[in-house]
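The structure under discussion appears below in the form of structure tokens.
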Amino acid sequence: MSPSVQPRERIERGVEETTCCIVGGGPAGAMLALLLARQGVEVTLLEAHKDFERYFRGDTLHASAMEILDEIGLADRLLELQHAKVSHFTVPTRDGPFAFDLFAGLKTKFPYIVVMAQSRFLEFITEEAKRYPNFRLVMGARVEELLEERGVVRGVRYRKRDGWHEVRATLTVGTDGRFSKVRKLAGFEPIKTSSPIDVLWFRVSRSEGDPREALAARVGSGLFMVFIDRFDYWQVGCTILKGGYKGVRAAGLDRLRRSLAAVAPEWADRFDELTEWKQIPVLSVEISRLKRWHRLGLLLIGDAAHVMSPLGGVGINYAIQDAVVASNVLGEKLGTGTPLRERDLAEVQRRRELPTRAIQAFQALGQKGVASGVLRSKGEGAFAVPRFAVPLLRNRRLLAIPARFLSFGLLSPHVEVGKATLTQAADVPLSSRSPR
Ligand SMILES: Cc1cc2nc3c(=O)[nH]c(=O)nc-3n(C[C@H](O)[C@H](O)[C@H](O)COP(=O)(O)OP(=O)(O)OC[C@H]3O[C@@H](n4cnc5c(N)ncnc54)[C@H](O)[C@@H]3O)c2cc1C
């Protein structure tokens with residue numbers, strides 16, 4: 167509760183009853199809401215922002231996420247939205263740039279990374295969920311309190327422009343991301359792994375002659391840059407060594423612009439657009455995880471349970487996989503009103519913990535590699551992939567091993583339940599749908 171607001175002075179606008187209250191409309195929350203809604207579960211999704219546009223957003227959907235969407239019949243329609251497919255990467259070697267197809271040896275219908283604005287993806291998923299009358303989306307709803315009765319979480323209180331609201335629920339799911347309020351309110355403390363890197367995050371405009379890569383990487387001068395084609399502009403993530411931001415600022419904007427231009431000359435003229443430091447926020451890269459993802463009446467998934475590093479661009483996919491497992495394990499019980507036990511919630515964590523820990527270990531290792539690449543690129547010699555690694559990049563079969571791990575991780579889940587019990591949204595008469 168806000169310290170400045172006394173309970174009796176609060177404007178209470180209403181109390182709603184639902185079966186599952188999901189806090190946070192990111193990939194984890196939106197997907198879980200859709201998957202439960204398809205099973206006929208009453209779901210309320212609360213999102214703090216008024217829309218899905220967000221500055222710090224990732225944009226990559228790997229094969230695992232696309233296969234999940236395919237299982238529920240949405241992949242083809244999603245691919246009708248503006249996107250790019252990325253399968254080829256170019257790395258610097260001592261003999262010049264080397265291009266390879268990372269996913270050539272992968273057995274999947276989607277041997278590429280789909281790069282799509284996350285806001286479009288979230289709009290698509292929530293629009294799909296709206297086809298079910300048992301789904302309710304509340305935008306601009308900032309959750310600030312948990313409702314608890316004798317140690318059991320019974321829902322949340324949220325604030326909207328018109329005052330306080332209450333949602334009472336059989337199950338509350340925290341999907342409110344890396345700074346999770348729900349996690350904090352529940353008294354959970356994440357275990358953090360120290361990270362050797364931070365990221366400068368900024369955008370520059372597009373120009374006719376720009377590279378055609380939807381995802382491009384450049385290394386040099388102590389910087390590791392990733393360019394994401396967002397069609398109207400380039401989103402740039404520029405890795406620096408942890409704690410290096412003060413030094414970057416002290417050296418001045420002009421120096422930064424020159425370094426960026428030296429590393430990525432194709433975009434050199436565009437760095438002149440960076441005229442103020444507020445255009446270049448720094449993201450503190452973090453990897454963390456909760457020891458316990460649940461309490462009676464409460465489950466945490468996605469970044470709320472395990473903060474992912476941007477490395478590998480997999481966080482969205484793990485959030486979606488968590489949602490699939492939560493829906494597989496809990497959907498039927500929620501749909502039929504069977505009481506949930508804590509062991510049901512623990513089962514979600516049990517199935518997701520190993521895959522999450524494995525990818526986080528990989529990310530921690532990758533971050534070290536990036537940090538050492540960044541360090542080496544400060545020196546005289548240009549950064550290059552070691553000679554021994556080039557034959558590996560040429561070998562489809564060998565390449566399929568890391569490609570598979572990146573695309574699917576361990577124990578990649580499938581949508582198990584609900585196929586028989588699905589509510590057919592198309593069969594629901596519009597008149598019976600709840601107003602929004
Ligand atoms: C700069 C950056 C770049 C990244 N790039 C990629 C990438 O390219 N590919 C990739 O796969 N991953 C990427 N990631 C990681 C990825 O974004 C996350 O792992 C993923 O978004 C986690 O999904 P989530 O649904 O758990 O949480 P989030 O996406 O963080 O969603 C949480 C939602 O909860 C809402 N919320 C927060 N507090 C409240 C509250 N109190 N009440 C109601 N709602 C609330 C937020 O507004 C937000 O919409 C990146 C991360 C960062 C920071």
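Counted from 1, the sequence shown has number 491 at position 325 by my numbering; the numbering is strictly sequential. For glycine and all other residues, C-beta sits at the position ideal for the given N, C-alpha and C. As the structure is a prediction and not an experimental result, all values here were calculated from the model.
Cβ-heavy atom distance, M474 to ligand 1, below 8 Å: Residue numbering aside, residue 474 sits at position 308 when the sequence shown is read from its first letter. Yes, the Cβ of M474 comes within 8 Å of a heavy atom of ligand 1.
Sub-9 Å separation of L123 and P552 beta-carbons: Residue 123 lies beyond the range of the chain shown here (167 to 602); nothing can be said about it.
Rounded distance between the beta-carbons of H228 and I279, thought under 8 Å: Working through the sequence shown from its first residue, we reach residue 279 at position 113. Working through the sequence shown from its first residue, we reach residue 228 at position 62. With a Cβ gap of about 6 Å, I279 and H228 count as contacting.
C-alpha gap between K408 and T184, whole angstroms: The sequence position of residue 408 within the sequence shown is 242, counting from 1. The sequence position of residue 184 within the sequence shown is 18, counting from 1. Their backbone Cα atoms lie some 44 Å apart in a straight line.
T405 CB to nearest heavy atom of ligand 1 below 8 Å: As a first step, residue 405 is located in the sequence shown; it is residue number 239 there, counting from the start. Flag unset: Cβ of T405 not near ligand 1.
Closer than 8 Å: N561 CB and nearest ligand 1 heavy atom: Translated into the one-based positions of the sequence shown, residue 561 becomes position 395. False, no ligand heavy atom lies under 8 Å from that Cβ.
Between the CA atoms of A489 and G195 - distance to the nearest angstrom: Within the sequence shown, numbered from 1, the residue matching residue 195 stands at position 29. Within the sequence shown, numbered from 1, the residue matching residue 489 stands at position 323. The straight-line gap from Cα to Cα measures roughly 7 Å.
Through-space distance from S475 to P521, alpha-carbon basis: As a first step, residue 521 must be located in the sequence shown, where it is residue number 355. As a first step, residue 475 must be located in the sequence shown, where it is residue number 309. When rounded, the distance between both Cα atoms is 15 Å.
DSSP state of Q248 mapped onto helix, strand, coil: Taking the first residue of the sequence shown as position 1, residue 248 is located at position 82. Of the three classes helix, strand and coil, the one that applies to Q248 here is coil, per DSSP.
Coil, strand or helix - Y484 by DSSP: As a position in the sequence shown, residue 484 is number 318, starting the count at 1. The answer is helix: DSSP assigns Y484 an H, G or I state.
Within the stretch 314-383, ranges of the beta strand (DSSP E) (whole runs, at least 3 residues): 318-326, 329-340, 357-359 and 363-371
Beta strand (DSSP E) runs contained entirely in the stretch 187-253, provided each spans 3 or more residues: 209-213 and 250-252
Minimum C-alpha distance to V556 - residue among T359, A231 and F255: As a first step, residue 556 must be located in the sequence shown, where it is residue number 390. Per the Cα distances, F255.
Helix, strand or coil at R461 according to DSSP, with G and I counted as helix: In the sequence shown, counting from the first residue as 1, residue 461 sits at position 295. Correct three-state label for R461: strand.
Beta strand (DSSP E) runs wholly inside the stretch 420-456, at least 3 long, in chain order: 448-450 and 453-455
Secondary structure of I467, DSSP reduced to three states: Counting from 1 along the sequence shown, the entry for residue 467 is found at position 301. Coil.
Assumed close pair F264, A569 - CB separation to whole angstroms, cut-off 8 Å: To locate residue 264, count along the sequence shown from 1; it is residue 98. To locate residue 569, count along the sequence shown from 1; it is residue 403. So it is not a contact: roughly 16 Å between Cβ atoms.
Check: G180 C-beta below 8 Å from any heavy atom of ligand 1: Along the sequence shown, read from residue 1 onward, the residue named residue 180 stands at position 14. No, the Cβ of G180 stays beyond 8 Å of every heavy atom of ligand 1.
Simplified DSSP assignment, three categories, for Y278: For this step, residue 278 is matched to residue 112 along the sequence shown. Coil at Y278, not helix or strand.
Between the CA atoms of E246 and A592 - distance to the nearest angstrom: Counted from its first residue, the sequence shown places residue 592 at position 426. Counted from its first residue, the sequence shown places residue 246 at position 80. Confidence in A592 is poor, its pLDDT being 46 and thus under 50, which makes the residue's placement unreliable; the coordinate value appears in the next sentence. Roughly 20 Å between the two C-alpha positions.
Where L303 sits in the DSSP three-state scheme: For the purposes of this step, residue 303 is taken as residue 137 along the sequence shown, with counting starting at 1. Strand, per DSSP.
P356 CB to nearest heavy atom of ligand 1 below 8 Å: Stepping through the sequence shown from its first residue, residue 356 is reached at position 190. Result no, Cβ not under 8 Å from ligand 1.
Cβ-heavy atom distance, H215 to ligand 1, below 8 Å: Within the sequence shown, the letter at position 49 stands for residue 215. Checking the Cβ of H215 against ligand 1 gives yes.
Three-state secondary structure assigned by DSSP to R308: As a working mapping, residue 308 is identified with position 142 in the sequence shown. If DSSP states are grouped into helix, strand and coil, R308 belongs with the strands.
Best match in V514, E315, W459 and S360 for proximity to L531 [C-alpha to C-alpha]: On the sequence shown, position 365 is the one that residue 531 refers to. L531 has its Cα closest to that of S360, out of V514, E315, W459 and S360.
Buried or exposed by the 16-neighbour rule on C-beta atoms within 10 Å, applied to F222: Position 56 of the sequence shown, counted from the start, is the residue given in the question as residue 222. Flag for F222 reads exposed.
L541 burial status per 10 Å Cβ neighbour count (16 or more: buried): Against the sequence shown, residue 541 aligns to sequence position 375. Exposed, by the Cβ-count rule.
Entirely enclosed alpha helix (DSSP H) segments - the stretch 550-584, minimum 4 residues: 555-560 and 562-574
Proximity test, I482 beta-carbon vs ligand 1 heavy atom, cut-off 8 Å: Mapped onto the sequence shown, residue 482 falls at position 316. Result yes, Cβ under 8 Å from ligand 1.
Buried versus exposed, by CB contacts within 10 Å (16 or more), L576: Working through the sequence shown from its first residue, we reach residue 576 at position 410. Exposed, by the Cβ-count rule.
Burial state of K273, where buried means 16 or more other Cβ atoms lie within 10 Å: The sequence position of residue 273 within the sequence shown is 107, counting from 1. Looking at its Cβ environment, which holds fewer than 16 other Cβ atoms inside 10 Å, K273 is exposed.
Backbone CA spacing between L212 and G180 [nearest angstrom]: In the sequence shown, counting from the first residue as 1, residue 212 sits at position 46. In the sequence shown, counting from the first residue as 1, residue 180 sits at position 14. For L212 and G180, the distance between alpha carbons rounds to 14 Å.
Short Cβ contact (9 Å threshold) for E332 with G343: Counting from one through the sequence shown, the residue named residue 332 turns up at place 166. Counting from one through the sequence shown, the residue named residue 343 turns up at place 177. For E332 and G343, no; Cβs fall outside 9 Å.
Distance between G271 and A550 (C-alpha atoms, nearest Å): If you number the sequence shown from 1, residue 550 lands on position 384. If you number the sequence shown from 1, residue 271 lands on position 105. Near 24 Å, if we compare the C-alpha coordinates of G271 and A550.
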